[in-house]
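A.B. asks: Attaching a single structure in structure tokens format; questions to follow.
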């Protein structure tokens with residue numbers, strides 16, 4: 448190899464390093480942008496699901512309002528009819544995706560179509576794995592005019608505890624709390 452060829456080869460080495468550095472930086476920036484975009488998409492999906500939860504609870508409330516307002520029914524009969532309606536309401540892509548559950552102010556479950564063994568059980572003192580008093584927190588947001596709460600709950604289809612977000616609203620006539628929610632894993 449001639450001296451001139453060696454100098455030309457040595458001159459190319461910095462260019463190769465520059466090209467490699469530029470490729471690394473370009474890939475890194477693409478990964479960062481991709482992660483940011485994924486975060487934006489997940490937040491947009493979460494916001495849309497939260498709006499849906501609030502809408503579902505509002506629709507459920509509207510579907511029972513005629514029973515609540517019926518002064519010809521005694522309290523027990525009206526409550527039983529409302530429970531039947533709420534037990535039968537479902538929403539989502541699969542027929543059993545979404546459902547509604549109801550608690551009184553003391554934390555006793557009154558309606559739960561998927562976990563019937565909870566009906567009649569007081570879970571006011573129940574804490575999730577993070578120490579959150581789930582029903583107390585849901586009651587608080589319901590009593591403050593309605594709102595969202597995130598907590599850990601056993602997902603029936605997997606048998607494992609997962610993050611869940613719910614929207615809770617107060618049923619004024621009986622001081623009940625009407626709730627629906629979804630598992631955050633479903634968005635991920």
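Residue numbers (the working numbering): 448 to 635. Quick reminder that beta carbons are idealized off the backbone N, C-alpha and C, glycines included.
Evaluate residue 495 with the Cβ neighbour count: other Cβ atoms within 10 Å of its Cβ, from every protein chain shown; 16 or more gives buried, anything less gives exposed.
C.D. replies: Per the 10 Å Cβ criterion, exposed.
A.B. asks: Mind checking who residue 515 pairs with in its DSSP beta bridge?
C.D. replies: Paired residues: none, contrary to the question.
A.B. asks: Identify which residue in 469, 478, 500 and 473 has its Cα closest to the Cα of residue 631.
C.D. replies: Residue 500 is the option with its Cα nearest to residue 631.
A.B. asks: How far does the beta strand (DSSP E) with residue 602 in it extend, from its first residue to its last?
C.D. replies: That run of the beta strand (DSSP E) goes 594-602.
A.B. asks: Kindly indicate which three-state DSSP category residue 505 falls into: helix, strand or coil?
C.D. replies: Residue 505: helix per DSSP, three-state reduction.
A.B. asks: Around the C-beta of residue 558, are 16 or more other C-beta atoms found within 10 angstroms, so that it is buried, or is it exposed?
C.D. replies: Buried: at least 16 other Cβ atoms inside 10 Å.
A.B. asks: Give me the DSSP bridge partner(s) of residue 628.
C.D. replies: In the DSSP output, where bridge partners are listed per residue, residue 628 has 613.
A.B. asks: Measure the Cβ-Cβ separation of residue 596 and residue 576 and say whether it is below 7 angstroms.
C.D. replies: No; because the gap between Cβ atoms is not below 7 angstroms, this pair is not in contact.
A.B. asks: In terms of residues, what are the limits of the alpha helix (DSSP H) holding residue 590?
C.D. replies: Segment 581-590, the alpha helix (DSSP H) holding residue 590.
A.B. asks: Take the Cβ of residue 492 as the centre, count every other Cβ of all protein chains shown within 10 Å, and call the residue buried at 16 or more, exposed below.
C.D. replies: The residue in question, residue 492, is exposed, as its Cβ has fewer than 16 Cβ neighbours within 10 Å.
A.B. asks: Can you tell me whether residue 531 is buried or exposed, with buried defined as 16 or more other CB within 10 angstroms of its CB?
C.D. replies: Per the 10 Å Cβ criterion, exposed.
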